[in-house]
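First the structure, in the form of structure tokens, and then the observations on it.
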Amino acid sequence: MPRPRAPRRRPTRPPAPTGWHAHRQKPNTSSAPSVPGRADPQFCAADFDRPLHGVISNLTGQPAQANRNLTGTPGFVRVRPTMSIVDPQRTPLTHRERFRRQMHYQSIDRGVHWEFGYLQETIARWHQEGLPSEITAGEGPGSVEAYFGVDPSRRLPVMMGIHPNWEGETKILERKKDSAIVQRPDGTILEEKTAGIKTIPHYIKFPIANRNDWQRYKERLDPNHPDRKKVNWKALGEELRHCDVPVGVWIGSFFGWPRDWIGFENIGLMVYDDRPLIEEIVGTLADLFCSQLEMALSEVAVDFAAGWEDICFRNGPLISPAMFKEIVIPHVKRVCDLLRQHGCDVIWTDCDGDIRPLVPLWLDAGLNCMFPLEVHPGSDPVWLRKEYGKRILLRGGLEKYKLSKSRPEILAELKRVEKVFAEGVYIPHGDHRIPEDVPYDNYKYYVREKLTMMGWKPQEIRAIWPLRNFK
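This is the structure:
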């Protein structure tokens, strides 16, 4: 006799996801074109009725387990349609292993937690809103970064700048009601605020106006100065061989420093009026950088290299891409080639503003990581990843001004970059120093939700002191 068939069971529908997870699983049925830096047109406040607590899906394709978020509310986590580099089943990694893997498209246990920094006025406000008074700006124990669990790193003690430094004290030439005109030891004359919110000073006179002025600087950029050779690189290399945090090296500035020494308008004119002098300045800096790097990297392995420029503004760079390619890029390439010869292939520069005209030039030279990705001028990580794919590495890109808004708007900003993070080689954080209009509770909320987006487990988030009981 045939065996009786078991009655068909109606499949049980899983509970509907809520909050962050509900939104991130919605199919995008909108026909509206995607606009870099703009939230998904389907966003609404109801999508953010709960925090995003949960874990990003693993690489195995298996559903993550239902969990409870930090407030005790049952959460529901479903496998992402796009695979994430975060694998919550991984054995915990060291800080160094995690950084190396995240910046090379490899699976990680959770994302690297870095931040750009904070304005002094912001910290002063937070002291009034609950931040302990002993927590201050800077790095190391007692800093805001350490208090919020920012992942550590180390830098090599290379000497890339002016040495010996200019002797003497800053002279006050004139006092005004809320400002003072001062002269620095190098000859720079500027007006800076003495009351209220500190801002960028108004520069009146710059130290380099001609070749004679440049010679004074050039003498202090001598790569053979004995003080530049005092570090015992072999001993430091042995010490850092088993270091469990990322190790980086400073690579200076190719055009940002000359801009500071010559002046914004002046350097724009000097590129045309005395181009050989600009070429000599940039070349001299690159010679110094290569000399220091060769000594250090012959004995010490590093995971990243970091420079600084700040030569772009809201409407683009202060030098044309054509001039930048001819004058600066050959020297950037010299330094990047040297770094790669010694195994370092994560190389970034700090440049604010709209960097898009210079990005392809940096990439061709081997400088492959952009930071801090100021969103408002157009340096959006979503657009950059779409434009350059896996060629480009990214840091920053979360619009700082959004952190002063409502919780739904903060979550929307995180949601905007979630896919870029899931793809890899992107460390999300504020696109500059956190401004003073950001309330302390908003910042705590942002950090908690950012860490959750990056796959941190609830107990890891609770271990960060200011987040231990945060609702």
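Our numbering applies: residue 7 is where the sequence shown begins, and numbers increase by one. Here a beta-carbon is modelled for each residue, glycine too, at the ideal position from N, C-alpha and C. Keep in mind that this is a model prediction, so the values were computed, not measured.
Scanning 189, 389, 339 for the CA closest to the CA of residue 374 turns up 339. A direct Cα-Cα distance of roughly 11 Å separates residue 444 from residue 135. Taking all protein chains in view, the Cβ of residue 202 is surrounded by fewer than 16 other Cβ atoms within 10 Å, so the residue is classified as exposed. Restricting attention to 345, 355, 416, 285, the CA atom closest to the CA of residue 318 is found in 355.
DSSP places residue 282 within a helical segment (H, G or I) once states are collapsed to three. The C-alpha of residue 383 lies about 43 Å from the C-alpha of residue 238. Taking C-beta atoms under 8 Å as the contact rule, residue 387 and residue 426 qualify, at a distance of about 5 Å. Around the beta carbon of residue 452, 16 or more other beta carbons sit within 10 angstroms, so the residue counts as buried. In its chain, beyond the 5 residues on either side, 313, 314, 315 have a beta carbon closer than 7 Å to the beta carbon of residue 259. Contact check for residue 120 and residue 438: beta-carbon distance about 14 Å, past the 8 Å limit, so the pair fails to qualify.
Beyond the five residues adjoining it in sequence on each side, residue 470 comes within less than 7 Å, by CB distance, of 154, 155 in the same chain, given in chain order. Residue pairing for residue 189: DSSP places it in a beta bridge opposite 177, 195. Between the segment 248-256 and the segment 292-312 there are three or more C-beta pairs closer than 8 Å, enough to call the two in contact.
Inclusion of residue 129 and residue 152 in the CB contact set at 8 Å is not warranted, their separation being larger than that value. Taking the Cα of residue 186 as reference, the smallest distance to any Cα among 341, 204, 192 is reached at 204. In the DSSP annotation of this structure, residue 459 is not part of any beta strand (DSSP E); the continuous alpha helix (DSSP H) holding it starts and ends at 446-459.
According to the DSSP assignment, residue 256 belongs to the beta strand (DSSP E) that extends over 253-256. Straight across, the Cα-Cα distance linking residue 411 with residue 262 is about 33 Å. Non-local C-beta neighbours of residue 406 in its own chain, meaning closer than 7 Å and more than five positions away in sequence, comprise 436, 437, 438, 440, 441, ordered along the chain. Contact between residue 361 and residue 385 holds: their C-beta atoms lie close to 5 Å from each other, under 8 Å.
Between residue 324 and residue 274, the beta carbon gap of about 6 Å places them in contact (Cβ cut-off 8 Å).
Residue environment for residue 159: buried (at least 16 other C-beta atoms within 10 angstroms of its C-beta). Between the alpha carbons of residue 333 and residue 178 lies a distance of about 37 Å. Each of 166, 97, 416 was checked against the Cα of residue 290, and the nearest Cα belongs to 166. For residue 335, the uninterrupted alpha helix (DSSP H) segment begins and ends at 335-347.
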